[in-house]
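As structure tokens, the structure follows; a few thoughts come after it.
There are 4 protein chains.
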Amino acid sequence: MMKQSIPKLQKKKEKRAALLQATLLLINQGGIQEASMSKVAKMASVSPGTIYLYFENKQDLVNQLYLDIKAEFSEEAFKDFKKEEPVKESFEKIWYRIASFQTQKSEEASFLTQCDNTPMIDEESRQEGLKHLQPLVDLWNRGQEEGIIKRISPYVLYAFTIYPMAFLMNTKNRSYCKLDEQILEKAFEAAWDSIKL
Amino acid sequence: MMKQSIPKLQKKKEKRAALLQATLLLINQGGIQEASMSKVAKMASVSPGTIYLYFENKQDLVNQLYLDIKAEFSEEAFKDFKKEEPVKESFEKIWYRIASFQTQKSEEASFLTQCDNTPMIDEESRQEGLKHLQPLVDLWNRGQEEGIIKRISPYVLYAFTIYPMAFLMNTKNRSYCKLDEQILEKAFEAAWDSIKL
Amino acid sequence: MMKQSIPKLQKKKEKRAALLQATLLLINQGGIQEASMSKVAKMASVSPGTIYLYFENKQDLVNQLYLDIKAEFSEEAFKDFKKEEPVKESFEKIWYRIASFQTQKSEEASFLTQCDNTPMIDEESRQEGLKHLQPLVDLWNRGQEEGIIKRISPYVLYAFTIYPMAFLMNTKNRSYCKLDEQILEKAFEAAWDSIKL
Amino acid sequence: MMKQSIPKLQKKKEKRAALLQATLLLINQGGIQEASMSKVAKMASVSPGTIYLYFENKQDLVNQLYLDIKAEFSEEAFKDFKKEEPVKESFEKIWYRIASFQTQKSEEASFLTQCDNTPMIDEESRQEGLKHLQPLVDLWNRGQEEGIIKRISPYVLYAFTIYPMAFLMNTKNRSYCKLDEQILEKAFEAAWDSIKL
DNA sequence: CATGAATGAGATTTCATTCAT
DNA sequence: AATGAATGAAATCTCATTCAT
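Protein chains in written order, with the numbering used here: chain A, 27 to 223; chain B, 27 to 223; chain C, 27 to 223; chain D, 27 to 223.
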């Protein structure tokens, strides 16, 4: 009542974060249809009405979650990325960072997969999310100019190197198959082999 | 009233088919949340109550749709499949058939992608759907014994050869990129390169 | 196809009977709300549409069931009833016959209880059902004239002698308490004591 | 808007009460089948959704109504009940209090009758409701020890003394017969005669 | 007579959103 | 800012009844 140990702004951010986190978990568990606003509120220990102080509506909540996680994803993917490094080395680093994201932040990764394969997200937000991959596209371009990488559309390159990780992630989650280091190496080999010249 | 042009059984099947088709389109358009039973009924020109003559409930409707399409998918994928053919030839044929399914039956393909990356489908139905791929797994096994294919889990093989097509399909649908014959060839090359020894 | 082992009329009656029986059991189990026309049909091994060949609608089905059972009840109650016998003897006989009906035909008895304490039955049918008790009312009248029975309304006499059996029946069904011969005798004593002068 | 005449808690209780009252009236009028949730809502001047803030579902609504009224009933029945009074006096007081409840709160009484003769109520709630009668059972026990009351099961005692009032109530409601003081005295006499030694 | 698929109104219940406090 | 009771439209599902066969 007297003093607030946590500054207001931070408290606000915390509530927003709690709401996003709750949404993330609920959508992963049962899809968007199971993530009702009141469940989200309850899980975030907040009143349903409060959600609307932070988000315009449900769609906005999901869109913001998507964009936040996409940003987190690309930050992770391109951490320590240096433009000058050799193409393969750079690609390998990025690939493993993404793999690491998939395993370390599996909830986030699952959610992205669900968004990217579903009409859950506004087309606008989806476009917005795509931009994050630009550094990788640039890298591939360089690789193609250097004659190291096949001359195919970045969509195809993405489809055969990055996108498969989502599948492995999901199957791993459903525990048909463990993703240990050895398998990861094999997987990277497959990814690289599919696009290298 | 005059003459009975359509036999009963066929009429019955037609209604079931219309319901499944409506569900397919609606889920592709807006996800499962937008595919309400009344919309499905309206689109199939049927009364809401009628749905429940053919399906137990919404989940059952979606599950059956999934299994039906999975069956259609694998029938297409393994049409003319002969066990004696060389591994690569066989694989190539299957791969192209799947690619063809993705483009010819794009609604069905989109739907499968959505199901496979979402908690939309019962785990039971999902397992059931997986069985359809057994011939491909067997083929890969043979390829591994013959020393043609890398010794990695079929999940990984699938992730790098078949799963990418879903992505290409979706991007194609969203028309960022056309899937012409030339691209297809490149894509197959990528797929094969990723797993061949 | 050729010959019908069961004459048509009988078959018709059998179907009607089966429908009434099914209704009886279902209403006893879960009340009128649980006795849907399709459940009734299924239990009677008949198509839903067929019900409407025998009964106008659901209300009519229930009303007819009520009246049929009321008739059965009073036939049982007044079997071998002779107007000349002494009042107490007559009453005792009737009372025991009713008790016997309650135990022998417990489903029917339960159903009557439910009808008589519920707005389930048309007022008209209810009035109709009441007429069956006329002989008992007459007997009581005679008893009153003979100075054997208290001079109170037949409704009250009924309330304290016959109506209690429904309660005992129900509790017996729910098996809190067994209705053996000894208890029955005590119960009759109570009934008689309550109205005798 | 101007001043808050009614405290929140009271308002909340009022809404619950209005819902229970509406349910009571509707079930009395047409049985449980006629008491749809929307009718209940409308009669309580409340939105359908609001019901579910106060009750889990329809069954819960009915169960709570039953238990509430049973409690009200027994509070009325055993008001001013003193353990030391002579058995007959005590019994008489209780009996008249119940009679008074039946006439004063005829809707509530009708409802209880309907519940007690119908599979409308969960067995659990029914058991719960039975407990309220314990003081009467104890009284009877004492009467039996004192040699005043017949040695028969409390079920039978109940059947011949209390249960009949429900019948009289119902017939009174249907106005075949008025329950004036004189009739009431006769009725009590019948009740007492049936169980006294 | 009998069927049972089909209907569509209506039942129960949920849920995104609002608003008085 | 925050609450959470309240809303009411809409979702899922049921069911008495009809009608073409």
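Where is the CB? At the ideal position from N, CA and C, for every residue including glycine.
Looking only at its own chain, which residues have a Cβ that is under 6 Å from the Cβ of residue i, when we skip the five neighbours before and after it?
i, result
"residue 146 of chain D", "58"
"residue 28 of chain C", "For residue 28 of chain C, the predicted structure reports a pLDDT of 45, less than 50, and the residue's modelled location is therefore unreliable. A value from the coordinates is still provided. For residue 28 of chain C, where only same-chain residues beyond five positions count, there are no Cβ hits under 6 Å."
"residue 44 of chain D", "70"
"residue 207 of chain B", "none"
"residue 30 of chain A", "Because the pLDDT of residue 30 of chain A is 47, which lies under 50, any placement of that residue in the model is unreliable, and the question is left without a value."
"residue 76 of chain C", "none"
"residue 152 of chain D", "none"
"residue 38 of chain A", "none"
"residue 183 of chain B", "166 and 221"
How many whole angstroms separate the CB atoms of residue i and residue j, which I take to be in contact at a CB cut-off of 8 Å?
i, j, result
"residue 221 of chain B", "residue 186 of chain B", "6 Å"
"residue 86 of chain B", "residue 46 of chain B", "About 12 Å separates the two Cβ atoms, so there is no contact after all."
"residue 117 of chain C", "residue 159 of chain C", "Wrong, their Cβ atoms sit about 13 Å apart, outside the cutoff."
"residue 89 of chain B", "residue 148 of chain B", "6 Å"
"residue 143 of chain B", "residue 139 of chain A", "5 Å"
"residue 217 of chain B", "residue 121 of chain B", "6 Å"
Beta-carbon within less than 8 Å of residue i's beta-carbon, same chain only, minus the 5 sequence neighbours each way: which residues are those?
i, result
"residue 170 of chain D", "176 and 177"
"residue 74 of chain D", "63, 64 and 67"
"residue 49 of chain D", "61, 66, 87, 88 and 91"
"residue 173 of chain B", "223"
"residue 72 of chain A", "41, 44 and 45"
"residue 163 of chain A", "180"
"residue 168 of chain B", "113"
"residue 137 of chain B", "50, 53, 54, 91, 92 and 95"
Going by DSSP, name the residue or residues bridged to residue i.
i, result
"residue 175 of chain C", "C:222"
Can you name, in chain order, every residue of its own chain whose Cβ lies under 7 Å from the Cβ of residue i, other than the five neighbours on each side?
i, result
"residue 155 of chain A", "92, 93 and 96"
"residue 127 of chain C", "99, 102, 103 and 135"
"residue 42 of chain A", "80"
"residue 191 of chain B", "124, 125 and 128"
"residue 188 of chain A", "124"
"residue 52 of chain B", "60, 61, 65, 66 and 69"
"residue 161 of chain B", "104 and 107"
Handout entry: Contact list for the segment 52 to 70 of chain B against chain A, Cβ threshold 9 Å
Key = Here the close residues are 53, 54, 55, 56, 57, 58, 59 and 60.
Problem - Validate contact between the segment 102 to 112 of chain A and the segment 45 to 63 of chain A using beta carbons, cut 8 Å, 3 pairs - result: Touching, no, given that fewer than three Cβ pairs across the two stretches are closer than 8 Å.
Exercise for the section: Taking a Cβ distance cut-off of 7 Å, strictly less, list which residues of the segment 135 to 155 of chain C are near chain D, in chain order. Expected result: Those residues of the segment 135 to 155 of chain C that come within reach of chain D (Cβ to Cβ, closer than 7 Å) are 139, 140, 143, 144, 145 and 146.
Practice task
Check distances from the C-beta atoms of the segment 211 to 223 of chain C to those of chain D and list, in chain order, the residues that come in under 9 Å.
Solution key: Contact annotation: in the segment 211 to 223 of chain C, residues whose CB is within less than 9 Å of a CB in chain D are 212, 213, 215, 216, 217, 218, 219, 220, 221 and 222.
Exercise for the section: Quick one: which residues of the segment 75 to 96 of chain C get their C-beta closer than 7 Å to a C-beta of chain D? List them in chain order. Expected result: From the segment 75 to 96 of chain C, no residue has a Cβ closer than 7 Å to chain D.
Practice task
Using a Cβ-Cβ cut-off of less than 8 Å, give me the residues of the segment 167 to 181 of chain B that come near chain A, in sequence order.
Solution key: Within the segment 167 to 181 of chain B, the residues whose Cβ lies closer than 8 Å to some Cβ of chain A are 176, 178, 179 and 181, listed in chain order.
Problem - Interface residues of the segment 36 to 48 of chain D facing chain C [CB-CB below 7 Å] - result: Per Cβ criterion, the list is empty.
Exercise for the section: Identify each residue in the segment 97 to 130 of chain C for which the Cβ-Cβ distance to at least one residue of chain D is less than 7 Å, and report them in chain order. Expected result: For the segment 97 to 130 of chain C, the beta-carbon criterion of a distance under 7 Å to any beta-carbon of chain D is satisfied by none of its residues.
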